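Protein sequence lines correspond, in order, to chains V and E.
The working numbering applies: residue 20 is where the first sequence begins, and numbers increase by one.
The working numbering applies: residue 20 is where the second sequence begins, and numbers increase by one.
Ideal placement from N, C-alpha and C gives every residue a C-beta, glycine not left out.
Bear in mind the structure is a predicted one, so any value in this text is a computation, not a measurement.
Remarks on the structure that follows.
Protein chains: 2
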Amino acid sequence: MLTMGDAKPATIYDVAARAGVSKSLVSLVLQRSPRVSEQRRAAVLTAIQELDYRPSTAAVSLAGTRSRTIGVVLDDFRNQWFVDLLTGLREALQDQGHRLVVADRFLNTGLDASPVEGFLSMRVEGIVIAGEPDTDLAIPASTPLVIAGGRLSIPRADTVANDDRAGGRMAAQHLLGLGHTRLGFVGAQSAAAVERLAGFRDGVGESAAVAVSSLAGELTEDAGARATRALLDEHPDVTAVFAGNDVMALGAMSALAERGLRVPEDVSVIGYDDTPIAATRYVGLTSIDDRSVEIGRGSGERLLARIADPDIAATETLVEPRLVARRTTARR
Amino acid sequence: MLTMGDAKPATIYDVAARAGVSKSLVSLVLQRSPRVSEQRRAAVLTAIQELDYRPSTAAVSLAGTRSRTIGVVLDDFRNQWFVDLLTGLREALQDQGHRLVVADRFLNTGLDASPVEGFLSMRVEGIVIAGEPDTDLAIPASTPLVIAGGRLSIPRADTVANDDRAGGRMAAQHLLGLGHTRLGFVGAQSAAAVERLAGFRDGVGESAAVAVSSLAGELTEDAGARATRALLDEHPDVTAVFAGNDVMALGAMSALAERGLRVPEDVSVIGYDDTPIAATRYVGLTSIDDRSVEIGRGSGERLLARIADPDIAATETLVEPRLVARRTTARR
DNA sequence: TTGTAGGCGTTATCAA
DNA sequence: TTGATAACGCCTACAA
């Protein structure tokens with residue numbers, strides 16, 4: 020790592036002086052204006068190099084008409100799905116010259132009441148909320164907003180989310196295709212899980228029996244284990260379990276192991292979200308990929324559209340998920 | 020979620036006019052100056068409320084002497100250890116009125132050459148680099164810098180990192196305490212792994228035999244599996260395996276399963292980093308907790324000290340790790 | 001305790 | 001194609 024000495028950051032004045040031009044000229048070069056002679060441009064560019072000049076974002080966004088900044092609110096950095104979401108957002112936004120600023124719900128509490136407050140102070144041009152938005156967030160109607168991956172829809176906000184119902188159907192079809200006829204579902208009373216179950220039932224149709232064990236509360240590993248134990252008590256004959264998400268699927272696998280049931284020889288297990296844990300070879304969990312990259316890209320595009328024209332009608336986009344077959348599901 | 024109408028953000032002028040005072044007075048109230056009459060303060064505060072006023076961070080940092088912003092560079096959002104690191108950093112920094120801005124190496128590429136470039140443009144007061152820093156990062160000597168969790172030390176940067184050697188010793192003592200005498204290590208040629216192995220050997224001393232299977236390259240799950248196979252081929256009698264990190268430990272467990280060896284009945288396994296995966300009940304991996312929260316807190320404190328006095332000597336802080344015993348290690 | 005005025009580093013609007 | 005000059009929204013002496 021090189022570390023170069025530098026006392027105070029150079030300003031546009033320094034650059035102008037060194038290049039022997041006016042500050043306006045420097046500004047034009049910075050904005051890649053074509054109406055600058057090659058000669059002057061070169062002079063400015065080398066001055067910038069020599070002085071290690073970097074425009075102050077504060078000054079830029081204060082003087083300019085737009086901040087070129089998008090705020091992304093994550094519910095929790097621990098939920099890894101945001102990684103793919105960001106990838107998609109990047110593709111859609113930063114290539115268009117927008118800067119992404121991410122914060123989880125707790126990042127700057129104490130300074131700002133909420134990450135949204137902070138973003139508004141930064142005069143972001145738009146906000147992406149990843150996941151289920153807090154119901155008490157106060158976002159001015161004038162701020163373009165898109166909910167990525169959440170099911171709760173806000174009047175003036177675009178929504179881009181995984182098609183949970185379609186995912187449920189895919190899980191069903193996968194298991195039916197493997198010859199399973201006695202299926203179980205373990206989940207919780209969350210909006211997503213409810214949709215996934217609905218799709219699952221839909222996909223199963225009359226072809227098989229579905230036993231459901233759904234708990235109130237969180238979709239945790241522990242809940243997955245408890246729900247699975249209850250399921251097995253009631254329906255010891257199930258040969259496949261669809262879990263509301265990957266974490267619950269892990270819990271299900273623990274519970275199955277406790278009963279001496281092997282996965283996938285005795286019971287197949289399928290999760291949802293295709294988290295990194297599912298993708299490890301040690302776990303190798305068959306799962307439904309919610310296509311977070313796509314959700315991110317779609318969210319970014321919607322946001323750009325709304326920034327361009329704030330008055331367009333809000334849309335609701337559903338992204339088709341994809342099944343990733345691994346080691347935990349097998350032919351009956 | 021409430022969404023309030025608002026066309027253009029209110030400025031300090033609007034607030035001043037509404038409260039019937041000067042902008043300076045408003046500014047004083049914003050800075051919680053005690054030299055303001057209660058009466059005026061109240062008037063300003065209600066005006067702020069009514070106008071939904073929020074100071075522009077751009078204007079604040081441009082006009083003020085300090086940006087009150089710290090940049091945090093993560094190598095990759097997928098490495099979950101940054102979550103705890105941020106928790107520690109928050110405790111140390113944002114309570115002191117500093118705003119945290121996080122970026123991984125790719126977040127704003129295309130706009131800035133690197134996240135560091137972006138931070139310098141924001142005129143951050145300090146930078147925290149999480150993990151191993153890129154060797155070609157150009158950071159002005161005038162910017163306070165601390166490397167959190169990296170072993171590579173930079174001349175003028177403070178370093179706060181996990182004591183890998185101590186962690187290795189702990190792993191050894193744990194296994195010896197459980198009665199194991201034929202130990203294996205699977206790792207890779209990374210700085211961290213080398214230290215961990217050194218500590219491991221140190222902790223074992225003359226009490227047991229250590230077989231090493233260390234590959235070149237990355238510390239991946241797959242490498243862990245390959246290294247473990249090689250280890251078992253050479254030393255089929257090992258009863259415990261210490262892996263360079265949790266991901267490799269997962270690979271080790273896969274390889275053991277392939278050979279029909281049960282964990283922990285036949286072979287104990289211990290990882291390093293105490294990642295979320297290790298903490299799941301399904302995996303239940305005994306691991307060394309590198310105390311990322313502590314590293315974050317320590318990094319924040321060092322950074323504050325360096326911001327207060329840029330000329331203090333750089334320090335190197337080692338944080339004592341902690342062993343977390345779970346299901347994958349058992350008495351011989 | 002409160003107000004006035006200048007400046008922070010840019011962009012934007014005019015002239016030249 | 002270039003250069004003055006006025007904003008942008010706030011902080012900070014300095015004055016009152």
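Any idea what DSSP makes of Glu253(E), helix, strand or coil?
Translated into the one-based positions of the second sequence, residue 253(E) becomes position 234. Correct three-state label for Glu253(E): helix.
Rounded C-beta distance between Ser232(E) and Leu250(E)? I'm assuming under 8 Å.
Sequence index remark: in the second sequence, residue 232(E) carries index 213 (1-based). Sequence index remark: in the second sequence, residue 250(E) carries index 231 (1-based). About 4 Å; that satisfies the 8 Å criterion.
Would you kindly work out how many angstroms separate the C-alpha atoms of Gln68(V) and Arg346(V), rounded to a whole number?
Numbered from 1 along the first sequence, position 49 holds the residue referred to as residue 68(V). Numbered from 1 along the first sequence, position 327 holds the residue referred to as residue 346(V). Taking the straight line from one Cα to the other gives about 55 Å.
Can you name, in chain order, every residue of its own chain whose Cβ lies under 7 Å from the Cβ of Lys42(V), other than the five neighbours on each side?
Taking the first residue of the first sequence as position 1, residue 42(V) is located at position 23. Once the five neighbours on either side are set aside, the close Cβ partners of Lys42(V) are Ile31, Tyr32, Ala35.
With the cut-off set at 7 Å, would you say Ala207(E) and Gly236(E) are in Cβ contact?
In the second sequence, residue 207(E) corresponds to position 188, counting from 1. In the second sequence, residue 236(E) corresponds to position 217, counting from 1. It is a contact, given that the beta carbons lie within the stated cut-off.
For Ala244(E) and Arg170(V), what's the separation of their Cα atoms in angstroms?
Stepping through the second sequence from its first residue, residue 244(E) is reached at position 225. Stepping through the first sequence from its first residue, residue 170(V) is reached at position 151. Near 40 Å, if we compare the C-alpha coordinates of Arg170(V) and Ala244(E).
Put Thr299(V) into one of helix, strand or coil per three-state DSSP.
By one-based count along the first sequence, residue 299(V) stands at place 280. Thr299(V) falls in the coil class under three-state DSSP.
Quick one: residues in its chain with C-beta nearer than 7 Å to the C-beta of Asp183(V), no 5 flanking neighbours on either side, listed in chain order?
Position 164 of the first sequence, counting from 1, holds the residue named residue 183(V). Here the set comprises Ala211, Glu214, Arg215, Gly218.
If contacts are defined as beta-carbon pairs under 8 Å, then Val121(V) and Leu93(V) qualify, I think. What distance do you get, rounded to the angstrom?
By 1-based counting over the first sequence, the position of residue 121(V) is 102. By 1-based counting over the first sequence, the position of residue 93(V) is 74. Val121(V) to Leu93(V), Cβ: 6 Å. Contact.
With 7 Å as the threshold, decide whether the Cβ of Gly90(V) is near any Cβ in chain E.
Taking the first sequence and counting its residues from 1, the one referred to as residue 90(V) is at position 71. No, because no Cβ of chain E sits closer than 7 Å to the Cβ of Gly90(V).
Starting from Arg97(V), find everything on chain E with Cβ-Cβ shorter than 8 Å and list it in chain order.
Position 78 of the first sequence, counting from 1, holds the residue named residue 97(V). By Cβ distance, chain E contributes Gln99, Val102, Pro295.
Residue environment, Glu320(V), which counts as buried when at least 16 other CB atoms sit within 10 Å
Looking up residue 320(V) in the first sequence gives position 301. When all chains shown are included, Glu320(V) counts as buried.
Relative to the C-alpha of Asp265(V), which candidate in Asp252(V), Arg124(V), Asp103(V), Tyr291(V) has its C-alpha closest?
Here residue 265(V) is taken as the residue at index 246 of the first sequence, counted from 1. Comparing Cα-Cα distances from Asp265(V) to each of Asp252(V), Arg124(V), Asp103(V), Tyr291(V), the minimum goes to Tyr291(V).
Whole angstroms is fine: what's the gap from Leu280(E)'s alpha carbon to Met272(E)'s?
Your numbering for residue 280(E) matches position 261 in the second sequence. Your numbering for residue 272(E) matches position 253 in the second sequence. Answer to the nearest angstrom: the Cα atoms are 9 Å apart.
Near Ile158(E), what residues of its chain come up, given a Cβ to Cβ distance below 7 Å and the 5 sequence neighbours on each side ignored?
Start at 1 with the first residue of the second sequence, and residue 158(E) comes out as number 139. So the qualifying residues of the chain are Val135, Ile146, Leu164.
Alpha carbons only, please: which of Ala297(E), Pro340(E), Ala324(E) is nearest the one belonging to Ala176(E)?
Taking the first residue of the second sequence as 1, we reach residue 176(E) at position 157. Of Ala297(E), Pro340(E), Ala324(E), the residue nearest in Cα terms is Ala324(E).
Tell me which same chain residues have a C-beta within less than 6 Å of the C-beta of Ala62(V), skipping the five on either side of it?
On the first sequence, residue 62(V) is found 43 positions in, with the first residue counted as 1. So the qualifying residues of the chain are Ala38.
Establish whether the CB of Met267(E) and some CB of chain V are separated by less than 7 Å.
One-based indexing of the second sequence puts residue 267(E) at position 248. Not an interface residue.
So who's on the other strand from Gly126(V), going by DSSP bridges?
As a first step, residue 126(V) must be located in the first sequence, where it is residue number 107. According to the sequence displayed, residue 126(V) carries Leu and not Gly. According to DSSP, which records beta bridges pairwise, Leu126(V) is partnered with nothing at all.
Which residues DSSP lists as bridging Leu195(V), in chain order:
Along the first sequence, one-based indexing puts residue 195(V) at 176. The partner list for Leu195(V) (beta bridge, DSSP) is empty, contrary to what the question assumes.
CA-to-CA distance, Glu339(E) to Met189(E), given in whole angstroms:
One-based indexing of the second sequence puts residue 189(E) at position 170. One-based indexing of the second sequence puts residue 339(E) at position 320. Using only the alpha carbons, I get a separation of about 10 Å.
Here's a check: name, in chain order, each residue in its chain whose Cβ is nearer than 6 Å to the Cβ of Gly317(V), leaving out the five neighbours to either side.
Position 298 of the first sequence holds residue 317(V). Once the five neighbours on either side are set aside, the close Cβ partners of Gly317(V) are Val179, Thr336.
In chain V, which residues lie less than 7 Å from Leu353(E) when you measure between Cβ atoms?
With chain E running from 20 to 351 in the structure shown, residue 353(E) is simply not present.
Would you tell me roughly how many angstroms separate the C-alpha atoms of Asp256(E) and Val229(V), rounded to the nearest one?
Your numbering for residue 256(E) matches position 237 in the second sequence. Your numbering for residue 229(V) matches position 210 in the first sequence. Cα-Cα distance, rounded: 47 Å.
Please state whether DSSP places Glu214(V) in a helix, a strand or coil.
Reading the first sequence from its first residue, position 195 is the one you call residue 214(V). Helix at Glu214(V).
Closest Cβ-Cβ distance between Tyr32(E) and chain V: below 7 Å?
Reading the second sequence from its first residue, position 13 is the one you call residue 32(E). Output row for Tyr32(E): interface = no.
Determine, for Glu240(V), whether the minimum Cβ-Cβ distance to residues of chain E falls below 7 Å.
Stepping through the first sequence from its first residue, residue 240(V) is reached at position 221. Taking Cβ atoms only, chain E reaches closer than 7 Å to Glu240(V), which makes this a yes.
Just how far apart, CA to CA, sit Ile326(V) and Glu144(V)?
Here residue 326(V) refers to the residue found at position 307 when the first sequence is read from its first residue. Here residue 144(V) refers to the residue found at position 125 when the first sequence is read from its first residue. Going from the Cα of Ile326(V) to the Cα of Glu144(V) covers about 7 Å.
Suppose contacts are defined by Cβ-Cβ distances below 7 Å. Is Leu81(E) in contact with Ala78(V) by that definition?
Translated into the one-based positions of the second sequence, residue 81(E) becomes position 62. Translated into the one-based positions of the first sequence, residue 78(V) becomes position 59. Contact flag set, yes.
Near Gly150(E), which residues of its chain fall below 6 Å by C-beta distance, leaving aside the five closest residues on each side in sequence?
Position 131 of the second sequence, counting from 1, holds the residue named residue 150(E). Same-chain partners within the cutoff: Asp94, Gly168, Gly169.
What residue from Arg278(V), Phe261(V), Thr299(V) has the CA that sits closest to Ser287(V)'s CA?
Against the first sequence, residue 287(V) aligns to sequence position 268. Checking every option, the nearest Cα to that of Ser287(V) belongs to Phe261(V).
With a Cβ-Cβ cutoff of 7 Å, do Thr299(V) and Thr348(V) count as a contact?
Position 280 of the first sequence, counted from the start, is the residue given in the question as residue 299(V). Position 329 of the first sequence, counted from the start, is the residue given in the question as residue 348(V). The answer is no: Cβ separation not under 7 Å.
List the residues that DSSP assigns as beta-bridge partners of Gly90(E).
In the second sequence, residue 90(E) corresponds to position 71, counting from 1. Paired residue(s): Val120(E), Ile146(E).
Are Leu108(E) and Gly315(E) touching if we call contact CB-CB under 7 Å?
Residue numbering aside, residue 108(E) sits at position 89 when the second sequence is read from its first letter. Residue numbering aside, residue 315(E) sits at position 296 when the second sequence is read from its first letter. Against a cut-off of 7 Å, the Cβ pair of Gly315(E) and Leu108(E) comes out as a contact.
DSSP-derived helix/strand/coil call for Tyr72(E):
What you label residue 72(E) is simply residue 53 of the second sequence in a count that begins at 1. Three-state result, Tyr72(E): coil.
Rounding to the nearest angstrom, what Cα-Cα distance links Thr106(V) and Val312(V) in this structure?
For the purposes of this step, residue 106(V) is taken as residue 87 along the first sequence, with counting starting at 1. For the purposes of this step, residue 312(V) is taken as residue 293 along the first sequence, with counting starting at 1. Cα to Cα, Thr106(V) sits roughly 6 Å from Val312(V).
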